[in-house]
Structure formats: structure tokens, C-alpha cells
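Residue numbers (my numbering): 6 to 297.
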């Protein structure tokens, strides 16, 4: 019991220390308003990376400090957030850089689990089904610690039914970007650009009846795209049969979401058709994933 109580007492103190270290921030590259949960997330990240040790060094990679930042990354981030690429990795500087960088990552990736995945891999992939098992384990460790100190983790980005199986989606599946020639667009579809999209762009339509069709051979199909307050609705058909209407309207914008997913008992040829059913509100395609 004394050990457990001691750890719980140490947690708020450790978070407070990080806040105090970053409270006096240089006026170089001021960042956005810190997102809710930033301090618990950084505490959890530091625990997983180094046990909270500002002086930890990885003898193999050269990563250093509480957040195990690689030397090349430190030079770039220190220049951006401290004004000097050669700024020393003092505890205070580590906290300033980590606070600024993680804030930027959160507003780009929209989710603490995805930020943790990026920190480990450098990948902005939002769909955890496409992460390696090692990355999922790492992210779960960070999120578990974050919850333990009162952080709100937030859900992984998915608009599908909680009962809908997506276990068939993995990194071996074929991912078709919005401009892939296999996707046939009818009516007017335009390009919209945003850093949070895969390849930084999507194809979208606002006219009722505009459609996108993909004939594929595989064991499943999934549609990835954005949701938000200005978005519309679309009817989804498989092999000529109506399946469901997908409503993309949400109170806040999210760039990449699992909008529709359907596994099949065996691999075979199928046709997916997405038809815009609203008017004046965009329906967009970022990627289609074909299970292989």
C-alpha cells in the first residue's frame, strides 16, 4: 500500500513540475491554445518513453530525454519552438518543445491515441486497425496512464456502428486513394485540400445523385472520409442492392473517419456505389480500403 499511495501522490507533482517548467515560454513560434488533456497526455507519454527521466538516452538510436526525441527531430523542433537548433535539451527546453509539438499534433490528428501513434511511428494513420500490434500496445499503455491521472482520452475516430466488425482491416489490405483510376465518378466531383487528409486531399460532390463506383475483388470494403457540421448524406449500395444511408453530419469537423465497412465471408468480386443523397452539402472520399 505505501508504494501505491506514493505513486499516486507523485503523479500530480510530476504534472505540476512540467507545467512550471513550461510556464515561461519564449515568444518564438507561439502555438495554439493547449488542448484539453495535454498535461495528462504528456505525463503518460513521458512515463512510457523514459519513466519520466529527463536524462535518459537510448544508446542505439540516440534518442534523449523524457520524451525520447531523436537528435534530428530535436534540432528541427528546437529551431522552431526555441529559436535555435542547438538549444540544449534541458528539462525546461524539453517541456517547451514537447508542449508545442504535441499541441500542433493534436490539432492536426484530432485524437490523443493517434498522436501517441504518431510519436512512436511518425505515421498519421488514423485507423487503429491499420497499426502494427506493437504500436497498438504502445498507444494502449499511454492511454491507460493518461486515464489514471484523470485525462480524457477521447474515442478513436469511427462513425460506424459499434457492432460492425472491422477486424478484417489490416496493413496488408489495398488502399485506393481518391484519385485512383479504379474509382469511377459520375456528375461533378471536385478536389478539396487539407493537411489532415491522406495525400492531403479528397474528392467531394454536393449534387444529389452524384456517385462514385468501385468494382473490386476482395474480402471486404471500407470507406474513409471526413465528417462535420456542413457535411451531407450518401446512400451506399453493394452489388446493386441498397445497404444503408450514411449521415456525415457531426458537431465538429474530423478529417479521417471510418464511414462504412463491410466484410464478406469469402473473397470475391463486388461493386461498391456511393450516391450523394443530400443537396449543397459535401460528401467526400479520402480512401477506399479493399480487404485482401
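Positions of the beta carbon are idealized from the N, C-alpha and C atoms, including for glycine.
Can you check which of these residues, the options, is closest to residue i by C-alpha distance?
{"i": "residue 122", "options": "102, 147, 106, 109", "result": "147"}
{"i": "residue 265", "options": "210, 226, 127", "result": "226"}
{"i": "residue 280", "options": "38, 242, 90", "result": "242"}
{"i": "residue 199", "options": "262, 113, 267, 222", "result": "113"}
{"i": "residue 48", "options": "100, 294, 249", "result": "100"}
{"i": "residue 297", "options": "223, 253, 234, 202", "result": "223"}
{"i": "residue 106", "options": "150, 43, 188, 217", "result": "43"}
{"i": "residue 80", "options": "131, 102, 269", "result": "102"}
{"i": "residue 221", "options": "133, 98, 287, 272", "result": "272"}
{"i": "residue 295", "options": "154, 58, 274", "result": "274"}
{"i": "residue 232", "options": "256, 132, 120", "result": "256"}
{"i": "residue 62", "options": "83, 86, 94", "result": "94"}
{"i": "residue 293", "options": "248, 251, 282, 188", "result": "188"}
{"i": "residue 283", "options": "138, 240, 249", "result": "240"}
{"i": "residue 145", "options": "285, 87, 235, 53", "result": "53"}
{"i": "residue 153", "options": "39, 50, 289, 38", "result": "50"}
{"i": "residue 238", "options": "193, 40, 268, 285", "result": "285"}
Where DSSP assigns a beta bridge to residue i, which residues make up the other side?
{"i": "residue 246", "result": "243"}
{"i": "residue 196", "result": "208"}
{"i": "residue 62", "result": "69"}
{"i": "residue 230", "result": "262"}
{"i": "residue 268", "result": "225"}
{"i": "residue 279", "result": "217, 241"}
{"i": "residue 295", "result": "179, 226"}
{"i": "residue 52", "result": "Beta-bridge pairing links residue 52 to no other residue."}
{"i": "residue 201", "result": "According to DSSP, which records beta bridges pairwise, residue 201 is partnered with nothing at all."}
{"i": "residue 289", "result": "209"}
{"i": "residue 251", "result": "239"}
{"i": "residue 188", "result": "219"}
{"i": "residue 273", "result": "223"}
Would you please state the rounded distance, in angstroms, between the beta carbons of residue i and residue j? I believe it to be under 8 Å.
{"i": "residue 67", "j": "residue 55", "result": "Their Cβ separation, rounded to whole angstroms, is 14 Å, which puts residue 67 and residue 55 out of contact at 8 Å."}
{"i": "residue 261", "j": "residue 229", "result": "6 Å"}
{"i": "residue 184", "j": "residue 276", "result": "Actually they are not in contact, since the Cβ atoms of residue 184 and residue 276 sit about 19 Å apart, beyond 8 Å."}
{"i": "residue 207", "j": "residue 115", "result": "Going by Cβ atoms, the distance from residue 207 to residue 115 rounds to 15 Å, so no, they are not a contact pair."}
{"i": "residue 287", "j": "residue 209", "result": "4 Å"}
{"i": "residue 98", "j": "residue 92", "result": "6 Å"}
{"i": "residue 126", "j": "residue 140", "result": "6 Å"}
For residue i, is the classification buried or exposed, using 16 other Cβ atoms within 10 angstroms of its Cβ as the cut-off for buried?
{"i": "residue 278", "result": "buried"}
{"i": "residue 204", "result": "exposed"}
{"i": "residue 45", "result": "buried"}
{"i": "residue 76", "result": "exposed"}
{"i": "residue 244", "result": "exposed"}
{"i": "residue 211", "result": "buried"}
{"i": "residue 246", "result": "exposed"}
{"i": "residue 73", "result": "buried"}
{"i": "residue 60", "result": "exposed"}
{"i": "residue 1", "result": "Given a span of 6 to 297 for the chain in the structure shown, any question on residue 1 remains unanswerable."}
{"i": "residue 299", "result": "Residue 299 lies beyond the range of the chain shown here (6 to 297); nothing can be said about it."}
{"i": "residue 9", "result": "Caution applies to residue 9, whose pLDDT of 31 falls short of 50 and renders its modelled position unreliable; the value that the coordinates give is listed next. Exposed, since its Cβ has fewer than 16 Cβ neighbours within 10 Å."}
{"i": "residue 270", "result": "exposed"}
{"i": "residue 58", "result": "exposed"}
{"i": "residue 132", "result": "buried"}
Extract the residue ranges of the beta strand (DSSP E) inside the region 74-99, only unbroken runs of 3 or more that lie entirely within it. Given a length threshold of 3 residues, the region 74-99 has no whole run of the beta strand (DSSP E) inside it.
Fully enclosed by the region 96-143, which alpha helix (DSSP H) runs are 4 residues long or longer? Listed in chain order, the alpha helix (DSSP H) runs fully inside the region 96-143 are 96-114, 117-126, counting runs of at least 4 residues.
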